[in-house]
Amino acid sequence: MCQPSRRSQWSAEKLIAKTSAGFEIVADSLLGTSYWFLTQMAIRQITIIGTGLIGGSFGLALKRRRFPGRIVGCDRAPVLKQARDKGAIDEGHANPADAVRGSQLVLLAAPVGAIVELIGRLGPALPPKTLLTDVGSTKAQVLARATATFGKDVGRRYLAGHPMAGKEQSGLEGADPDLFQGAVWFVTPAPGQKIFEGASGEFLEWVEAIGAGVASMEAEAHDQLCAWISHLPQMISTALAAALVDEYGEDAPLLETGGRALREMTRISASPYSLWRDVALTNKKNIRNALLKLEQRLAHIRENLDTRELAVEFERAHHLRKASSRRRRDTEKDQ
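When we follow this note's numbering, the leftmost residue of the sequence shown carries the number 1351, and every step to the right adds one.
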């Protein structure tokens, strides 16, 4: 059986880069890792609770990377049938207690409120060596519930995670084995947790095998960052689309006439409220703060449409993409 603590021996390449936001990007390549080695991994069965867009995509991605064990799904019966037919899972159970039986890893792929509830309901009944993890969009309340459930053992039994991947289309219909390619998979460890050891280390090897890069940061910092880079863009898109409907009506051919910029800015406005409700409830303070600062910025632009200050705003905005392009070129040079 493999030894997760010897993780540096599992990969041919390893890159750790500290970003200006204060978290580490850890990108490992599985080049040179033998298929025999992967078959020796201790995680022989994975349960995915919630086989929608993220859960279904995770199952499909594991299958494409030849995960040698079984994948068990947990959802409503019609969704489970669809997931089996699509090849995302090997078997399914509607009851979470039945679905987790015999699994070494349980992935909670549900809205944040459901994740928090499931941690308290399933956690105490799981075997000590079973790792529980999640894909929730906010992390502070999730990690707090995990800590309350597992106590001093939280570092061995729970790994809080959040893949920065998704679509405006929810449900298994949008599931894609390539969804995580090039995406960042955030993890927010408990204090002192060694994420690359034990079952969590094996799990993160599979995260990297399906194309994601692992980024580690504290839960509170994650929620503050994601309020800006994920939650605020959703609110902007929603507000813009709603304002356009109010201004021109539901049937006006705005997307057809507005061009690519409008289509891109309103694409995620089609995201379901059921997903974003829990994000807003569990990250309200950070989202409010981001919205307030954006409102102030927009007010400044509104008051300076005929002054040099508008040019200054454009020049400052250009730095965002320029810096990204520069980092991308530097990365390509290092490869």
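Heads up, the beta-carbon is just placed ideally off N, CA and C, and yes, glycines get one too.
Nearest candidate by alpha-carbon position, reference residue i, set the options
i	options	result
residue 1429	1489, 1401 and 1419	1401
residue 1486	1654, 1659 and 1581	1581
residue 1538	1408, 1635 and 1567	1567
residue 1611	1587, 1524 and 1622	1587
residue 1536	1524, 1500, 1564 and 1556	1564
residue 1687	1422, 1417 and 1602	Because the chain here runs from 1351 to 1685, residue 1687 falls outside it and cannot be looked at.
residue 1579	1468, 1534 and 1675	1534
residue 1593	1500, 1576 and 1615	1615
residue 1613	1554, 1541 and 1590	1590
residue 1504	1434, 1675, 1415 and 1550	1550
residue 1640	1656, 1678 and 1584	1584
residue 1451	1515, 1479 and 1667	1479
residue 1642	1577, 1515 and 1424	1577
residue 1627	1392, 1413, 1393 and 1463	1463
residue 1520	1601, 1624, 1604 and 1667	1624
residue 1392	1407, 1657 and 1417	1417
residue 1541	1644, 1552, 1558 and 1506	1506
residue 1667	1596, 1647 and 1609	1647
Reduced DSSP category for residue i - H, G, I as helix; E, B as strand; rest coil
i	result
residue 1394	coil
residue 1674	helix
residue 1609	coil
residue 1406	helix
residue 1441	strand
residue 1666	helix
residue 1563	strand
residue 1529	coil
residue 1421	strand
residue 1629	helix
residue 1687	What is shown of the chain runs 1351 to 1685, which leaves residue 1687 out entirely.
residue 1399	strand
residue 1660	helix
residue 1450	coil
For residue j and residue i, the rounded distance between their alpha carbons
i	j	result
residue 1481	residue 1466	16 Å
residue 1455	residue 1437	19 Å
residue 1420	residue 1630	35 Å
residue 1620	residue 1672	29 Å
residue 1435	residue 1554	27 Å
residue 1665	residue 1655	14 Å
residue 1409	residue 1500	27 Å
residue 1443	residue 1426	8 Å
residue 1502	residue 1543	11 Å
residue 1556	residue 1661	46 Å
residue 1474	residue 1596	49 Å
Sequence-distant residues of the same chain with beta carbon closer than 8 Å to residue i, five excluded per side
i	result
residue 1411	1527, 1528, 1529, 1530, 1560 and 1561
residue 1468	1399, 1446, 1458 and 1460
residue 1670	none
Same chain only: Cβ atoms within 7 Å of residue i, ignoring 5 sequence neighbours per side
i	result
residue 1573	1488, 1489, 1490, 1633 and 1636
residue 1517	1403 and 1524
residue 1432	1522
residue 1663	1651
residue 1414	1527
residue 1510	1484, 1489, 1492, 1493, 1496, 1537, 1538 and 1569
residue 1687	Lying outside 1351 to 1685, the shown extent of the chain, residue 1687 is not represented and no answer is given.
Neighbourhood of residue i by C-beta distance below 6 Å, restricted to the same chain and skipping five residues each side
i	result
residue 1440	1420 and 1421
residue 1496	1469, 1504 and 1508
residue 1397	1422, 1449, 1450, 1453 and 1456
residue 1514	1533 and 1534
residue 1424	1399, 1443, 1446 and 1449
residue 1603	none
* Asked: Which ranges would you report for the beta strand (DSSP E) in the stretch 1464 to 1523 if only whole runs of at least 3 residues count?
  -> For the stretch 1464 to 1523, whole beta strand (DSSP E) runs of length 3 or above, ordered along the chain, are 1481 to 1484 and 1511 to 1513.
* Entirely within the stretch 1565 to 1605 and at least 4 residues each: give me those alpha helix (DSSP H) ranges in chain order. => Fully enclosed alpha helix (DSSP H) runs of 4 or longer: 1569 to 1576 and 1582 to 1598.
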